[in-house]
Every structure is written in structure tokens, then in C-alpha cells.
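Asks:
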Amino acid sequence: MEVLPLVALVAGSAVVAAVARRTPVPAPLLLVAAGLIAGYVPGVPPYALDPHIVLPLLLPPLLYTAGVDSSYLDLRANIRPVALLSVGYVIFATVVVGYAAFLLVPGLSLPVALVLGAVIAPPDAVAATAIARKLGLPNRITTILQGESLVNDATAITAYNVALAAVIGTSAGWAGGIAEFLLASVGGVGVGLLLMVPIHHLRKRLREPLLQNTLSLLIPFVAYAAAERVHASGVLAVVVVALYLGHRNWQVDFATRLQEAAVWKMVAFILESVVFALIGLQLPVVMKGLGEYQGVDAAWYAVVVFLVVVVARYVWVFPATFLPRMLSERVRRREPEVNWKAPVVVGWAGMRGVVSLAIAFSVPISVPHRNLILFLTFTTVIATLVVQGLTLPPLIRVLRLPKRDVQAETLAEAQAQSEASRAAEERLEELLADPGNDLPPPLVERLRTVLERRRNAVWERLGEVNAVTGESADDVYRRLAGEMIEVEREVFVALRDRRQIDDEMLRALLRRLDLEEAAAYREESP
1 MEVLPLVALV AGSAVVAAVA RRTPVPAPLL LVAAGLIAGY VPGVPPYALD
51 PHIVLPLLLP PLLYTAGVDS SYLDLRANIR PVALLSVGYV IFATVVVGYA
101 AFLLVPGLSL PVALVLGAVI APPDAVAATA IARKLGLPNR ITTILQGESL
151 VNDATAITAY NVALAAVIGT SAGWAGGIAE FLLASVGGVG VGLLLMVPIH
201 HLRKRLREPL LQNTLSLLIP FVAYAAAERV HASGVLAVVV VALYLGHRNW
251 QVDFATRLQE AAVWKMVAFI LESVVFALIG LQLPVVMKGL GEYQGVDAAW
301 YAVVVFLVVV VARYVWVFPA TFLPRMLSER VRRREPEVNW KAPVVVGWAG
351 MRGVVSLAIA FSVPISVPHR NLILFLTFTT VIATLVVQGL TLPPLIRVLR
401 LPKRDVQAET LAEAQAQSEA SRAAEERLEE LLADPGNDLP PPLVERLRTV
451 LERRRNAVWE RLGEVNAVTG ESADDVYRRL AGEMIEVERE VFVALRDRRQ
501 IDDEMLRALL RRLDLEEAAA YREESP
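Structure below.
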């Protein structure tokens with residue numbers, strides 16, 4: 001692909017995604033529509049992806065950023081439901097969707113149908129978890145959905161590789177396929193375990209944030225390539241490394257954490273936007289290549305596959321939720337009581353997304369009915385985003401699931417901050433007792449004031465709101481601090497414009513204000 005079309009694709013996708021944030025339309029749907037329209041504009045070049053580089057290029061960074069942001073402890077606490085969904089359900093969905101497509105589409109072989117099943121099998125819970133957090137669903141549901149989407153990609157890709165080997169004639173039969181599946185899974189975890197400690201050690205030793213962030217960008221590709229080199233699951237290797245590094249992210253310096261958060265948000269935003277735009281751009285080409293599967297037949301296949309995907313998830317989710325509790329006293333004792341409402345939400349939250357698209361784009365051109373696989377993947381992703389994505393929030397409201405106790409969470413945060421502040425205050429007094437740490441009284445008072453501010457900030461969120469503005473004391477403080485900082489910023493710029501300070505000094509002064517503003521406008525909730 002030439003440089004200019006690639007730049008246009010990235011820039012256009014970013015603009016459309018940014019516009020979508022100001023509308024009630026989900027960004028993926030607007031991106032697909034924009035790509036579809038652009039595909040018919042004269043002069044727009046055809047966008048074709050090399051199937052051999054799609055998975056290594058797209059999946060590692062997306063999985064890495066999701067893994068780093070996940071909670072290892074929460075995932076470990078919910079390992080049973082996460083494993084049932086991310087492994088058991090994906091295999092079940094691969095077989096059910098694949099066999100349904102085999103029966104539905106004339107001339108479609110079972111191995112090719114199973115390739116389609118593996119492509120469509122893994123839900124992408126990014127949208128679902130965002131909705132769950134926004135509506136205040138219990139943390140356990142959010143953790144299960146996030147954990148499923150983190151690990152199910154490895155299961156789906158391994159199943160896809162086994163089915164693809166059967167299609168192209170390199171499979172050693174189903175027994176060999178199962179053995180390959182197990183070896184890839186165990187090998188991927190093993191490679192991740194081997195890499196995670198040395199990589200973390202290197203991250204701690206590097207003191208330059210730019211070098212650390214460069215390493216951060218390389219980590220997912222290194223882990224993926226190392227695992228694939230030994231025919232293991234590169235996805236699982238990336239997930240294991242990401243979970244470990246995310247769990248120990250506090251051990252790197254603050255500048256690295258700040259830069260990494262911004263860099264990875266940008267990377268994920270661009271990649272996800274580009275992938276959905278590519279659906280629209282390639283859909284006309286795919287439809288032209290459907291051959292005998294045209295018009296009403298193609299639409300009928302798309303509807304049936306979507307319905308099978310929805311029904312299969314509920315067929316798996318309800319027994320997976322209640323059977324273990326019925327059969328095991330240990331499960332009943334360790335896990336909270338569950339009613340029928342939670343599995344309804346989890347079942348309806350099975351939207352497909354960027355992972356299915358990435359796997360579909362990687363299907364080799366030589367695979368029979370490749371365009372049909374792409375078409376049914378595109379339509380399933382779009383249908384789940386429209387039907388399930390748009391109806392999930394009202395469904396949650398109708399079911400009236402218990403919400404997160406925000407007051408209790410804020411109280412726990414305030415108590416944790418108080419305990420940390422007491423320890424910091426004791427350490428400050430120890431340091432000030434050393435003659436080598438002698439400071440003028442104003443600077444000592446500043447240290448104590450900053451500490452007191454951190455201690456009180458969370459408690460203030462529990463207090464009464466302003467009768468006029470509806471803001472808490474913490475909100476008012478942040479707003480006033482921002483107004484003061486903005487005035488200082490304007491003065492610095494005016495001094496630069498009058499040549500009383502130079503640009504280098506201006507940048508230093510503005511950076512100082514930026515750090516203060518970042519501290520004042522920290523996120524209100526974890």
C-alpha cells in the first residue's frame with residue numbers, strides 16, 4: 001500500500017471516530033458507514049491487506065493494552081466463569097456456528113465452515129464493559145466480560161489455525177488438531193512466563209521515559225513473534241506478559257506511566273478506527289466476489305448466522321452459570337449468589353468486534369469461499385453492534401441489576417488514602433529529623449500541605465454538594481485551580497510574545513503548570 005492512501009485511511013478514520021464521540025451513534029457503525037461511502041467515491045484507491053501480516057500487526061498491540069489495563073487479581077478471583085466463557089464457549093461457538101453454516105450454505109465444506117465459526121466465535125467486550133461501567137454494573141460482571149475478551153482471542157485463533165490447516169490439507173486429523181491446540185496454548189503461556197520477568201527487569205532498569213516507551217511499543221510484537229516462532233500461541237504470550245507488567249506497573253517511574261497511558265490509548269484508538277473503516281471500504285469488493293451467493297441468499301445466510309451466534313451464547317451461558325453451582329458446594333461457598341438477570345446481561349453482551357475482523361482479514365486468499373467468510377463476519381459484527389450494542393443499556397435498566405455502591409467505594413478509597421498519608425507523614429518527620437534534610441519552614445509547610453490535600457481530597461467527595469452549582473468541594477477546588485492555572489499560562493505566553501522570556505523558558509514554565517493541572521484534575525474514580 002502506498003504511503004498517501006495509508007495516511008488518508010488513518011487520518012480519515014480518526015476524524016470519523018472523533019466525530020462519533022459527539023453523536024449518539026457508536027463509533028464502529030459510523031466508521032463502517034463512512035468507509036462504505038468512501039468506497040464508492042471516484043479516485044479512492046482499493047485498500048487490500050496482506051493476510052499474512054494482519055494478525056501480527058493488529059492483534060498484539062490491542063491485546064497488550066487490554067491486558068495491561070486488566071486486573072490480574074480480579075481475573076484470578078473469577079477464573080472459573082472467565083475460563084468457561086473464554087475457552088469453553090469459544091470452542092462451542094466455533095463448532096455450533098461452523099456446523100450451522102455447513103448445513104445452511106450449499107457447497108460449503110465443513111472445514112471452511114469451521115474457519116468461519118472460529119472467526120466469529122470470540123466476543124469483543126470493549127463496548128460492553130464500557131456500558132457496564134457507565135451504568136454502574138457490579139464489578140464481577142464487568143471483570144468476567146473483560147477477562148473473557150482478553151483470553152478468548154487465543155482460543156479463537158488457535159481453533160482458527162486448526163480449522164485452516166484442515167482446509168489447506170496440512171492437518172493431521174482431529175486428534176492432531178486437538179494436540180496442536182493444547183500445545184499452542186501451553187506453549188503460549190510458557191513463552192509469556194519466560195519473557196515477563198526479564199522484560200519487567202529491563203523496564204525498571206531503564207531510566208529514560210522515551211526509551212521505556214519505545215520498549216513498551218516493542219513488547220507485544222516481541223512476545224507474539226517469540227511464541228509464534230516456536231509454533232505456540234502468540235496471543236497468549238502477549239496476554240501473560242501484559243497481565244504481569246500491568247500488575248507491577250507501579251514499579252516503573254511516574255513519567256513512564258503517564259506517557260505510556262497516552263501512547264497506548266492513541267495506538268488502540270487508531271487501530272480500532274482503521275479496522276472498522278476497512279469493513280466499509282472492502283464490503284463492496286467482498287460482495288462482488290460472493291459468486292453464486294448473491295442477493296437474497298447472502299442476506300438470508302447473514303441473518304441465520306447472526307441468530308445462531310445469539311442463541312448459541314445463551315445456550316452456553318445459562319448452564320455454565322448455574323450447573324457448577326448446582327454440582328459443587330465449593331463453588332456455592334466461594335462465589336456470590338447469582339440470579340437469572342446476570343446471565344441475561346452476559347449473554348446479550350456478546351458483541352463481536354475488532355478481533356473477529358482482524359482474524360477474517362488474515363484468511364488466506366487461497367481459502368475457498370473467502371469472500372463469503374469476510375461477508376458473514378462483517379454482517380455479524382455490524383448486526384451485534386447494532387442490535388445488541390444499542391439495546392444493552394435499556395436492557396440493563398429494565399432488569400434493574402444491583403449497581404455498584406459508589407459511596408462504599410469512595411469510603412474505601414478515602415480510608416486507603418488516609419492510611420497511606422499517615423505513613424507518608426511519619427516518613428516525612430523521620431526525614432526532617434536528619435540534619436542533612438534541613439529545609440526552610442515554607443518548604444516544609446508546602447510538603448505538609450500537599451500531603452494534607454491528598455488526604456482530604458477523597459473525603460471531600462463524600463461531603464455535601466454546593467447548593468448553587470451542585471459541585472462537591474473537591475469539584476469546586478479543581479475548577480478554581482484550573483482558572484488560576486489558565487491565567488498564569490496566559491501571562492507566560494504574553495511575556496514570551498513581548499520577548500521578556502524565550503520559548504525554551506516558556507516550555508519549562510508551561511510543563512510545570514501542566515503537571516500541576518494534571519494533579520488537580522486527576523480522575524475522580526479508579
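Take 1 as the starting number for the sequence shown in the numbering used here and just add one per residue. A virtual CB, placed ideally from N, CA and C, is assigned to each residue, including glycine.
I think threonine 65 touches alanine 268, with their Cβ atoms under 8 Å apart; what is that distance to the nearest whole Å?
Replies: 5 Å
Asks: Locate the alpha helix (DSSP H) running through arginine 334, then write down its first and last residues.
Replies: 329-334
Asks: For valine 528, name the three-state secondary structure that DSSP assigns.
Replies: Here the chain covers residues 1 to 526 and nothing more, so residue 528 does not appear.
Asks: Taking just the CA atoms, how far does glycine 192 sit from leucine 84?
Replies: Going from the Cα of leucine 84 to the Cα of glycine 192 covers about 22 Å.
Asks: So valine 363 packs on isoleucine 373, CB below 8 Å; how close in whole Å?
Replies: 6 Å
Asks: With the cut-off set at 8 Å, would you say valine 119 and threonine 377 are in Cβ contact?
Replies: yes
Asks: Which residue from Asp124, Arg511, Arg334 puts its Cα closest to that of valine 354?
Replies: Asp124
Asks: Buried or exposed for proline 394, going by 16 or more other Cβ atoms inside 10 Å?
Replies: exposed
Asks: Could you say which of Gly389, Lys341, Glu272 lies nearest to leucine 137 if we only look at CA atoms?
Replies: Lys341
Asks: Are proline 28 and valine 285 closer than 8 Å when you measure CB to CB?
Replies: Their beta carbons are not under 8 Å apart, which means proline 28 does not touch valine 285 by this criterion.
Asks: Name the two residues that bound the continuous alpha helix (DSSP H) containing asparagine 139.
Replies: 139-168
Asks: At a cut of 8 Å, does the stretch 294-303 reach the stretch 55-75 through at least three beta carbon pairs?
Replies: Judged by Cβ distances under 8 Å, the stretch 294-303 makes no contact with the stretch 55-75, as fewer than three pairs qualify.
Asks: When DSSP labels each residue in this structure, what does proline 106 get in the three-state scheme?
Replies: In the three-state reduction of the DSSP assignment, proline 106 falls in the coil class, being assigned neither a helical nor a strand state.
Asks: Taking only beta-carbon atoms, is serine 216 less than 8 Å away from chain C?
Replies: Structure shown: chain C not included; a single protein chain is present.
Asks: Enumerated in chain order, which unbroken segments of the alpha helix (DSSP H) with a length of 4 residues or greater are wholly contained in the stretch 316-366?
Replies: 329-334, 341-348, 354-361
Asks: Find the nearest neighbour of leucine 271 within the set Ala14, Pro5, Val3, judged by alpha-carbon distance.
Replies: Ala14
Asks: Just the Cα atoms here: how many angstroms apart are valine 476 and glycine 482?
Replies: 10 Å
Asks: So what does DSSP say about serine 13, is it helix, strand or coil?
Replies: helix
Asks: Does DSSP put arginine 489 in a helix, in a strand, or in coil?
Replies: In this structure, DSSP gives arginine 489 a helical state, which the three-state scheme calls helix.
Asks: With a CB to CB cut of under 7 Å and the five nearest residues on each side skipped, what residues in its chain are close to histidine 200?
Replies: Tyr244, Leu245, Arg248
Asks: Hey, out of Pro198, Glu208, Leu206, whose CA is closest to leucine 241's CA?
Replies: With the sequence shown as reference, residue 241 is identified as valine, and leucine is not the correct amino acid for it. Checking every option, the nearest Cα to that of valine 241 belongs to Pro198.
Asks: Would DSSP call serine 185 helix, strand or coil?
Replies: helix
Asks: Among residues of its own chain, excluding the 5 on either side of alanine 237, which ones have a beta-carbon nearer than 6 Å to its beta-carbon?
Replies: Gly188, Val191, Gly192, Ala223, Ala227
Asks: Are alanine 360 and valine 239 closer than 8 Å when you measure CB to CB?
Replies: no
Asks: By the three-class DSSP mapping on this structure, what secondary structure does isoleucine 53 have?
Replies: Looking at isoleucine 53 - three-state DSSP - the assignment turns out to be helix.
Asks: The alpha helix (DSSP H) spanning glycine 234 covers which residue range?
Replies: If you look at glycine 234, you'll find it in the alpha helix (DSSP H) that goes 234-247.
Asks: Quick test of your reading: valine 16 and leucine 31, contact by CB under 8 Å. State the CB separation rounded to the nearest angstrom.
Replies: Sure, about 5 Å apart at Cβ, within 8 Å.
Asks: From alanine 416 to arginine 455, what distance separates their C-alpha atoms?
Replies: 9 Å
Asks: Here's the rule: buried if 16 or more other CB atoms are within 10 angstroms of the residue's CB, otherwise exposed. What is serine 273?
Replies: buried
Asks: From which residue to which residue does the alpha helix (DSSP H) around alanine 121 run?
Replies: Looking at the DSSP string, alanine 121 is not in any alpha helix (DSSP H), and its letter there is neither H nor E.
Asks: Check the C-beta distance from leucine 145 over to valine 346 and give it rounded, since I have them as a contact under 8 Å.
Replies: 7 Å
Asks: Three or more C-beta pairs closer than 8 Å, one from the stretch 323-341 and one from the stretch 85-102: is that the case here?
Replies: no
Asks: Can you tell me where the alpha helix (DSSP H) holding glutamine 259 begins and where it ends?
Replies: 254-288
Asks: Going straight from the alpha carbon of serine 149 to that of arginine 446, what length do you get?
Replies: 46 Å
Asks: Just to confirm my understanding: we take aspartate 514, look at its own chain, exclude 5 residues before and 5 after, and list those with CB closer than 8 Å. What are they?
Replies: Same-chain partners within the cutoff: there are none.
Asks: From this set, Asn161, Thr158, Ala159, Pro122, which residue's C-alpha is nearest glycine 147's C-alpha?
Replies: Considering only alpha carbons, the answer is Pro122.
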